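Have a look at the structure below, then the notes.
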Amino acid sequence: MGSGAEFGKIVVFGVGLIGGSFALALKAAGQAEEIVGFGRSLSTLTLALDRGIIDRIGIDPGQETADADLVLLATPVGRMPEIMARIAPYLGGETIVTDGGSTKSDVVAAAREHFGARAAQFVPAHPIAGAENSGAAAARADLYRNRKVVLTPLPENPVLNVARVRSAWEWCGGEIFELAPDEHDRVFAAVSHLPHLLAFALVHGLAAREDSRLYFDFAASGFRDFTRIAASHPEMWRDICLANKRALLGELDRYREQLDELRGALSRGDGAALEKTFGLARAARRAWGAGKTG
Numbered sequence: 139m140g141s142g143a144e145f146g147k148i149v150v151f152g153v154g155l156i157g158g159s160f161a162l163a164l165k166a167a168g169q170a171e172e173i174v175g176f177g178r179s180l181s182t183l184t185l186a187l188d189r190g191i192i193d194r195i196g197i198d199p200g201q202e203t204a205d206a207d208l209v210l211l212a213t214p215v216g217r218m219p220e221i222m223a224r225i226a227p228y229l230g231g232e233t234i235v236t237d238g239g240s241t242k243s244d245v246v247a248a249a250r251e252h253f254g255a256r257a258a259q260f261v262p263a264h265p266i267a268g269a270e271n272s273g274a275a276a277a278r279a280d281l282y283r284n285r286k287v288v289l290t291p292l293p294e295n296p297v298l299n300v301a302r303v304r305s306a307w308e309w310c311g312g313e314i315f316e317l318a319p320d321e322h323d324r325v326f327a328a329v330s331h332l333p334h335l336l337a338f339a340l341v342h343g344l345a346a347r348e349d350s351r352l353y354f355d356f357a358a359s360g361f362r363d364f365t366r367i368a369a370s371h372p373e374m375w376r377d378i379c380l381a382n383k384r385a386l387l388g389e390l391d392r393y394r395e396q397l398d399e400l401r402g403a404l405s406r407g408d409g410a411a412l413e414k415t416f417g418l419a420r421a422a423r424r425a426w427g428a429g430k431t432g
């Protein structure tokens, strides 16, 4: 990569869509001299090596993170605490750790528990660039280009640590924003986690019917668009839902209230109420689609 790279050694835990794309993007930008990968599957790590996502397959997490410039945790959020516990005793004084998890309060709590006084070296992040496909085969260098990346810095993070993590995601092409961890979780419970839950529920409900084949045979574009995200990674979304349980339950209750209102209008034959709800929703959706919602 040459001596002009901003980062010397980067260690990535989880070389699938999120971690693999991060690695490919930094390599494409010429900003990583060496990338070492860890994962649960040798076949996935071998594929990542063959695709040039990583330069080496890691063997000892402690040894590799001791002299790393940057460590990315890109596993399902449920696995992050055990990784933090493994690398914490060996974390180099100049090493910065970040993550790509879709929930933040739980990850921050785990970092404080396992890193202790070194939690200042952990700068949480969430790239808003998921896809229904997962694994190293789905990774691509342009995944984060013009996509939002939310940082949720800790009060104890040195400014320089936050700046370096910001820089890494900017090299990936991301547009950087900052939120508090609880604010992040509240927002994404509504606009990401709830829609996934609903899509999984709808597809599961139809799949469980005895004559499910009949329904799927006639499902068209509306069903496809509404349920696309139900093809997402089950383990990852299990972890996300459980990690953000409190906020997600609140959003689920709100949605049930909305459904109850619609059910009431439908039961009464109240077309005006249905049309009003649909009209407001249409206007909001069109404004969002046109980028006019702020």
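So for the sequence shown, the numbering used here puts the first residue at 139; every next one is plus one. All C-beta atoms, glycine included, are put in the ideal place defined by N, C-alpha and C. Small disclaimer: the values here were computed from a predicted structure and weren't measured.
Among all the DSSP beta bridges, which residues are the ones paired with residue i?
i	result
ARG194	VAL174
HIS264	VAL288
ILE234	LEU208
PHE338	DSSP lists no partner for PHE338.
PHE151	PHE176, LEU211
With H, G and I counted as helix, E and B as strand and the rest as coil, what does DSSP make of residue i?
i	result
LEU397	helix
GLY429	coil
GLY146	strand
GLU313	strand
GLY140	A caution first: GLY140 carries a pLDDT of 46, below 50, which makes its placement in the model unreliable, though a value can still be read off. The answer is coil: DSSP assigns GLY140 none of H, G, I, E or B.
PRO199	helix
GLU294	coil
Could you give the distance in angstroms between the alpha-carbon of residue i and the alpha-carbon of residue j?
i	j	result
ILE233	ARG250	A small fix is needed here, since residue 233 is Thr in this sequence, not Ile. Going by the C-alpha atoms only, they are around 16 Å apart.
LEU361	ARG283	According to the sequence as given, residue 361 is Phe; it is not Leu. The straight-line gap from Cα to Cα measures roughly 28 Å.
ARG366	PRO372	13 Å
ASP323	ALA167	31 Å
LEU397	GLU413	14 Å
ASP391	GLY152	34 Å
LEU229	ARG401	55 Å
PRO227	ASP363	46 Å
ALA368	ARG256	38 Å
ALA428	ALA422	10 Å
GLY140	ILE192	At GLY140 the pLDDT is 46, less than 50, meaning the model places this residue with poor confidence; the figure from the coordinates comes in the next sentence. Going from the Cα of GLY140 to the Cα of ILE192 covers about 16 Å.
TRP375	ALA403	33 Å
I'd like the span of the alpha helix (DSSP H) that includes residue i, first residue to last.
i	result
ILE378	372-381
VAL215	It is not in any alpha helix (DSSP H) - VAL215 carries neither H nor E in the DSSP assignment.
ARG250	243-253
ARG362	359-365
SER159	155-166
ALA186	180-188
HIS322	319-326
LEU352	350-356
At a cut-off of 8 Å, would you count residue i as near the ligand GDP, judging by its Cβ distance to the nearest heavy atom?
i	result
SER181	This structure simply doesn't include the ligand GDP, nor any ligand for that matter.
Using a Cβ-Cβ distance under 9 Å, would residue i count as near chain C?
i	result
ARG401	The structure shown contains no chain C; it holds only a single protein chain.
| said: With three or more C-beta pairs closer than 8 Å as the rule, is the segment 186-193 touching the segment 209-218? | reply: no
| message | Assess contact between the segment 307-319 and the segment 353-362, defined as three or more Cβ pairs (one per stretch) separated by less than 8 Å. Is contact present? | response | no
| query | Do the segment 299-315 and the segment 253-268 meet, that is, are 3 or more Cβ pairs less than 8 Å apart? | reply | yes
| field | Segment contact, 8 Å Cβ cut-off, at least three pairs: the segment 194-201 with the segment 336-349 | value | no
| field | the segment 167-180 in contact with the segment 141-155 per 3-pair CB rule at 8 Å | value | yes
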